[in-house]
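Note that the working numbering has the sequence shown beginning at 5, numbered continuously upward. Down below is the structure, laid out as structure tokens.
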Amino acid sequence: MRPPTGFGRGVLGLAERDALARTFHDAAIPVVWLRGAAWAEQLYDQPGERPFEDLDVWIRPADVAAAETVLTGLGYRPARSGERVWVRAAGERPVDLHDGLWYLTADEADAAWARAVSLSPLVKVLAPADAAWELVAHAAIHHPEPKPQWIEDAA
């Protein structure tokens, strides 16, 4: 059986995010979801409309070890030594742990964390203005050729 694509893959991604959100919550690890894992629900009428390939999650630096322990307990392992990208089975989305947002100072990151908004009792995402900065900063550094999806995200 082929893995779902398009709308189905987006819906499945949100289910994966929500399962991880529950696990982090149960382990008392606060998180803020970034990029596709946030924007699919935050910016689109139908969450499945926004595909995404990984689960980007922002954690506080003090929670890195605990988050890695949680992921290990779920069967994830680091994709490569020294990175915070975690993988499990083929076809599942990797989990990308972020212990900061590189374009923000510590005080700015604290303020962005405080402004994060709840999509549900377990899912927090960046406030809209902070999400816009994240979109621009991520695209500028990691993807010199903008993806049409990001133009739609920004609209």
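Glycine is no exception: its CB is placed at the ideal position from the N, C-alpha and C atoms. For clarity, every value in this text was computed on a predicted model and none was experimentally measured.
Contiguous alpha helix (DSSP H) elements confined to the segment 46-115 occur at 68-77, taking only those with 4 or more residues. Cβ neighbours of residue 134 within its own chain (closer than 7 Å, five residues either side excluded): 116 and 119. Under DSSP, the beta-bridge partners assigned to residue 37 are 61 and 129. A contact is defined here as three or more CB-CB pairs under 8 Å, and the segment 37-45 fails this definition with respect to the segment 77-88.
Excluding the 5 residues flanking it on each side, residue 27 has same chain C-beta neighbours closer than 8 Å at 74 and 78, in chain order. When 128, 141, 48 and 143 are compared, the shortest CA-CA separation from residue 24 is found for 128. The shortest CA-to-CA distance from residue 32 to any of 91, 149 and 69 is the one to 69.
The C-alpha of residue 98 is placed about 12 Å away from the C-alpha of residue 84.
Its chain contains 104 and 105 as the residues whose beta carbon lies nearer than 8 Å to that of residue 113, once the 5 sequence neighbours on both sides are disregarded; these appear in chain order. Around the beta carbon of residue 95, fewer than 16 other beta carbons lie within 10 angstroms, which makes this residue exposed. Here residue 60 is buried. Its C-beta has 16 or more other C-beta atoms within 10 Å. Check the Cα spacing between residue 54 and each of 62, 19, 43 and 64: the tightest is with 43.
Residue 86 sits exposed, since fewer than 16 C-beta atoms from the chains shown fall within 10 Å of its C-beta.
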